[in-house]
Amino acid sequence: MAADTVTWRVAVPADAEALADLEQAANETTLAHLFVGHPFPWEDVATGWRARLGGPASVVEVVDGPGRLSAFCCWSGERLEHLAVHPAERGRGLARKAIARAVAAIGAGGREPVLWCLAGNTGARAMYEHLGWVPTGRTTTCQYPPFSEEVEYVLRWTHE
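Numbering of the sequence shown is given in my numbering, commencing with residue 32 and proceeding in unit increments.
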């Protein structure tokens, strides 16, 4: 399946475990250097997905892959909350397509998109900045050990 023929669908509650599996696969290949000595909190992550999929506040879209999910994107209000691409699917443009879908939906509501990114996730930060996102100067800490720093980004519709 070529990146230009990707089909996104709205996630359903039965996808919660597959979302946690994909998040784990993506994090363990990309962010392992940030979570040394801290196992992936799979059950907490799956519980979070169950809560998101059971309520109206978040939009979660996925791309199905061979026996697993290939990608997901989640947003709520103006916030791009979660984005992951399976390691075997990287380089196909799925992350950019996911961001474009979220940005279009957020923009349709008249809002400027925002997101939080781990400061040490240099690959994601470079991609966001290449796409026009800018750091706001605000920081917070990740909810999972070792509580790494997160940086807020905004995609401004007009340049100041």
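Just so you know, even glycine gets a beta-carbon here, dropped at the ideal spot from N, CA and C.
| query | result |
| --- | --- |
| Would you mind sorting Arg83 into buried or exposed? The rule is 16 or more other CB atoms within 10 Å of its CB. | buried |
| So Leu100 and Pro144 are in contact, right, with Cβ under 8 Å, and what is the actual spacing, rounded? | 23 Å between Cβ atoms; not a contact. |
| Looking at Glu6: is its Cβ nearer than 8 Å to the Cβ of Thr167? | Outside the modelled stretch of the chain, which goes from 32 to 191, sits residue 6, for which no answer is possible. |
| Going by beta carbon distance, what residues of the same chain come within less than 8 Å of Ala136, once the five residues before and after it are set aside? | Val90 and Trp106 |
| Could you check if Trp164 is buried or exposed, using at least 16 other CB atoms within 10 Å of its CB as the buried criterion? | buried |
| Excluding the 5 residues flanking Ala33 on each side, which residues of the same chain have their C-beta closer than 6 Å to its C-beta? | Note that Ala33 scores a pLDDT of 46, beneath 50, so its modelled location is shaky; the value from the coordinates is reported in the next line. Cβ within range, chain order: n/a, list empty. |
| Rounded to whole angstroms, what is the Cα-Cα separation between Leu146 and Arg110? | 5 Å |
| Mapping DSSP to helix, strand and coil, what is Tyr175? | coil |
| Helix or strand or just coil, what does DSSP make of Leu84? | helix |
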